[in-house]
Amino acid sequence: MATPVLRIRLWLRHARQRALTVTSWKVWVLASVLGVVTAYAVLGFIMSVEYLTSLSYGEGTASLARGARGLDPARAFIVPVIGGFLVGGLLWLAHRIGVLATVRCQGVAEVIEARASPPGTVSVAAGAVNTLATALALGTGASAGREGPSVFIGGALATYLTDRFGLSSREARTLIGCGAAAAVSAAFNAPIAGVLFALEVVLSNYALSVFGPVVLASVLAALINRAQLGDLHRFVIPDYGLASAYDVPLGAILGVICGAVAWTFLQLAAKGRRIARGLISRRRVEPALLPPIAGVGMGVVALFLPEALGVGYEATSQAIAGQYTLTLLTILLVAKILATVLCLSCRFGTGVFSGGIYLGAMSGAAFGLCLNLAFGPAVANPTFYALVGMGAVSGAIIGAPISTTLIVFELTGDYGMTAALMLAVGVASLIVQVFFGSSWFHYQLNQRGYDLSDGPQGVILQTIRVRDVMRSMPESAAPLEEGAPRLLASQGLGEALARMQDLDLDGMPVVADVDDDRIVGTLTQIRALRTYNKALIESHIEHHR
24 MATPVLRIRL WLRHARQRAL TVTSWKVWVL ASVLGVVTAY AVLGFIMSVE YLTSLSYGEG
84 TASLARGARG LDPARAFIVP VIGGFLVGGL LWLAHRIGVL ATVRCQGVAE VIEARASPPG
144 TVSVAAGAVN TLATALALGT GASAGREGPS VFIGGALATY LTDRFGLSSR EARTLIGCGA
204 AAAVSAAFNA PIAGVLFALE VVLSNYALSV FGPVVLASVL AALINRAQLG DLHRFVIPDY
264 GLASAYDVPL GAILGVICGA VAWTFLQLAA KGRRIARGLI SRRRVEPALL PPIAGVGMGV
324 VALFLPEALG VGYEATSQAI AGQYTLTLLT ILLVAKILAT VLCLSCRFGT GVFSGGIYLG
384 AMSGAAFGLC LNLAFGPAVA NPTFYALVGM GAVSGAIIGA PISTTLIVFE LTGDYGMTAA
444 LMLAVGVASL IVQVFFGSSW FHYQLNQRGY DLSDGPQGVI LQTIRVRDVM RSMPESAAPL
504 EEGAPRLLAS QGLGEALARM QDLDLDGMPV VADVDDDRIV GTLTQIRALR TYNKALIESH
564 IEHHR
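Spelled out as structure tokens, the structure:
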């Protein structure tokens, strides 16, 4: 019969074994390091944007429109144009020396892609270039957000630590989530939202082994943010009184309006990207010239509607405070949609969350003004609906209803509109999913050949390539006959299995390129299915432990 001491020792041994299967001490240590380093990197990025904005317009981001209005018109116009040339030149140079794969600012979509596709890396050098390029863009008035660059910073730092300490693929994905959570937490002083953004948007994983390190990184980043900047909310919320019973169903109606606004933005943004690609492929326009084109457009905006410049926090605050008329709210809504679409399409910055916050505030405030004109004080004032709209539009655009709801709570420090906000976010997100089909991030990934809507099994079939599992052949292997069945090394595992099934073949030779007859490997159905089953089991364990 076991003694009490022996029972305790056995219990401790089993507890240690369970702990090792749930998570690694190395991940916890690196998550804490990543939380601190990412927080300071993001704060440095934010301060760079503030400095460049002050240098360009004489005011920081909180008073950008006022600063632009006080400038000489020629300077107000030329600042975004100069910013466009600087960003275009920097991206071109980084592409020429091999730091960037394409002449484009990068953001959340690239981090999600790194999480989904092996080996899952975000270049540190690309992160440094992207930080500088987006700081220049935002500092000179580009209508974009700063969550995209911030999350990319977190992903790049996570990749560096992964490579430095030799983490496994599973641990690397967890660390990417930690970097994303720390970035959002530091950028918005929103630790809860940072955690849920990482789990909901970047990782699509709520497993306990992931949750703990992500929370640690997010909390540490928030503590550093508050130590450096104080526990300040981004927007000052005026007293709007108590919400009545009518305001919850009216929130659902606002959700329909916000869903339409988000859908319009996404449709125009997708159309803008297609036009930009057409200019590059058919008109032979140098990609580095696209940011200056956007700079000219933003120069015109600076002359007539400077409220649409930059991240737009000044205009958002004014809309929340009820300082704009219905006509001006409508004009600013349209102007911001067009300005943001122009900047995203022409690669003059990245990030859509701040734009979604802006569009939601304008939509909600306009809706509230209309209700007040129709029903008087029986319903809440426009401030209430501006807050609800902020969450509904941004949540529908980025496809993150839970984390967006909490970001609005943490940005405003106001929980009085809980029921109406959640209902509006849900309705708006549903409308976008039905009529557009995906969030902005997933749309970007779809354009690169990744459809993450099928869950882990679909991701495995798309992201594991034939070259990752084929049996290599020597260079002396005889070439294929012209027209003989073959697989491409770059094809996904799902495509390879489907082609073998269609041709009723147990295996096929692999070539490097469609026009190349040289055999570089072979792949059998058994080998492909064995790889798929192993990856599926590992994914199931990762998502449930």
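Per the numbering used here: the sequence shown = residues 24 to 568. No residue lacks a Cβ here, since even glycine has one placed at the ideal position from N, Cα and C. Please read these numbers as outputs of a predicted model, since none were measured by experiment.
Check	Outcome
Residue 65 and residue 135 closer than 8 Å at C-beta	no
Cβ contact check for the region 286-300 and the region 455-473: 3 or more pairs under 8 Å	yes
CA-to-CA distance, residue 493 to residue 541, given in whole angstroms	15 Å
Pairwise C-alpha distance: residue 348 and residue 339	13 Å
Given 8 Å, three or more beta-carbon pairs between the region 113-121 and the region 322-337	no
C-beta atoms of residue 376 and residue 421 nearer than 8 Å	yes
At least 3 beta-carbon pairs within less than 8 Å: the region 94-101 vs the region 177-187	no
Given residue 121 as reference, the closest of 271, 100, 149, 108 once Cα atoms are compared	149
Through-space distance from residue 511 to residue 368, alpha-carbon basis	31 Å
Closest residue to residue 411 among 394, 252, 386 (Cα-Cα distance)	386
Secondary structure of residue 495, DSSP reduced to three states	strand
Bridge-paired residues (DSSP) for residue 545	494, 532
Cβ separation of residue 453 and residue 213, assumed to be a contact under 8 Å, to the nearest whole Å	The Cβ separation is near 24 Å, so there is no contact.
Per-residue DSSP class, three states only, for residue 168	coil
CB contact flag (residue 71, residue 337, <8 Å)	no
Beta bridge counterpart(s) of residue 187 as assigned by DSSP	Partner(s): none; residue 187 has no beta bridge.
Residue 274 beta carbon less than 8 Å from that of residue 5	Given that the chain is displayed from residue 24 to residue 568, the structure contains no residue 5 and the question cannot be resolved.
Best match in 104, 58, 63, 246 for proximity to residue 79 [C-alpha to C-alpha]	104
C-alpha distance - residue 557 paired with residue 500, whole-angstrom precision	30 Å
Test item: CB-CB of residue 391 and residue 403 under 8 Å	yes
Rounded Cβ spacing between residue 423 and residue 223 (contact assumed at less than 8 Å)	5 Å
Outcome for residue 298 when other beta-carbon atoms lying within 10 angstroms are tallied against a minimum of 16	exposed
Distance between beta carbons of residue 442 and residue 271, contact taken as under 8 Å	5 Å
Assigned secondary structure, residue 414 (DSSP; H/G/I helix, E/B strand, else coil)	helix
Short Cβ contact (8 Å threshold) for residue 130 with residue 373	yes
Neighbour-count burial assignment, residue 508, 16 or more Cβ in a 10 Å radius	exposed
Neighbourhood of residue 281 by C-beta distance below 7 Å, restricted to the same chain and skipping five residues each side	383, 386, 412, 415, 416, 419, 447, 451
Cβ neighbours of residue 242 in the same chain (closer than 6 Å, five flanking residues each side left out)	214
Within 8 Å, strictly: CB atoms of residue 325 and residue 99	yes
Any non-hydrogen atom of the ligand FAD closer than 7 Å to residue 504 Cβ	Ligands in the displayed structure: none, and consequently the ligand FAD is not present.
Rounded C-alpha distance that separates residue 195 from residue 139	11 Å
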